[in-house]
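Under the working numbering, the letters of the sequence shown match residues 8 to 157, in that order.
Report on the structure given below.
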Amino acid sequence: MTTSDVGIEAGQEFAPREFGPLTMTDIVRYQGASGDLNPMHHDDEMARAAGYPASFSVGMLGAGYLAAYCTDLFGTRSVRRFRTRFRKVVYRGEVLTAHAVVREIRGSGDDARVELGLELLDSSGAVVVDGSAEFLLDSMKSIGSEEVSE
């Protein structure tokens, strides 16, 4: 499989995707789904007592936004690795923007893979979550397709 077979190449950037503005409902729904019920994420009074201006988002919610962005591009069946690191606290009202760049395409045939560099930025352009992901290319017919060759 060559890069022309899938229409991507090293250095290529994908169109960014916005998430938000982040609401308390987004945060609390994620807390319920993940089981992370730390009150720092929904109790403003507690967060202020700890020195924060308000309660703040769950870090894994930002990672989830990056995962959604990636699987919209490559599908869920081709994910082979997904890693993130939290860099900055995010507060309600923030609009976050996901970015991905192709770092490398390696392997061939059934083992051809693409590695992405990932960033989730806040409205000031600061990185709030960064990471990388790897996707198997052979299982894709085209970028963003959930179809797989069987």
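Beta carbons: idealized from backbone N, C-alpha and C, even for Gly.
This one's a predicted model, so the numbers in the text were calculated from it and none came from an experiment.
Looking only at its own chain, which residues have a Cβ that is under 7 Å from the Cβ of valine 109, when we skip the five neighbours before and after it?
Excluding positions up to five away in sequence, the list reads Ile15, Glu16, Ala17, Gly18, Gln19, Val121, Leu123.
CA-CA distance, alanine 133 and arginine 94?
For alanine 133 and arginine 94, the distance between alpha carbons rounds to 9 Å.
Among Phe81, Asp50, Ser41, which has the Cα closest to the Cα of alanine 70?
If we check each option's Cα against that of alanine 70, Ser41 comes out closest.
Would you give the residue range spanned by the alpha helix (DSSP H) that valine 35 belongs to?
Note, valine 35: alpha helix (DSSP H), 31-41.
At the level of alpha carbons, what is the spacing between aspartate 137 and leucine 127?
Rounded to whole angstroms, aspartate 137 to leucine 127 spans 6 Å at the Cα level.
What's the C-alpha gap between methionine 31 and valine 96?
When rounded, the distance between both Cα atoms is 15 Å.
Do the segment 110-118 and the segment 60-76 make contact, defined as three or more Cβ pairs closer than 8 Å?
No, the segment 110-118 is not in contact with the segment 60-76.
For glycine 158, which of Thr104, Val135, Leu143 has the nearest alpha-carbon?
In the structure as shown, the chain begins at 8 and stops at 157. Residue 158 is therefore absent and cannot be evaluated.
By alpha-carbon positions, which one of Arg90, His49, Gln38, Gly58 ends up nearest to aspartate 142?
Residue 142 is actually phenylalanine in this sequence, not aspartate. Comparing Cα-Cα distances from phenylalanine 142 to each of Arg90, His49, Gln38, Gly58, the minimum goes to Arg90.
Using only alpha-carbon positions, find the residue among Arg88, Glu101, Phe81 that is nearest to leucine 144.
Answer by Cα proximity: Phe81.
Are glutamate 25 and valine 102 touching if we call contact CB-CB under 7 Å?
Yes. Within cutoff.
Straight-line CA distance for glutamate 154 to asparagine 45?
Residue placement at glutamate 154 cannot be trusted, given a pLDDT of 44 that sits under 50; what the coordinates show is reported in the next sentence. Approximately 38 Å, taken between the alpha carbons.
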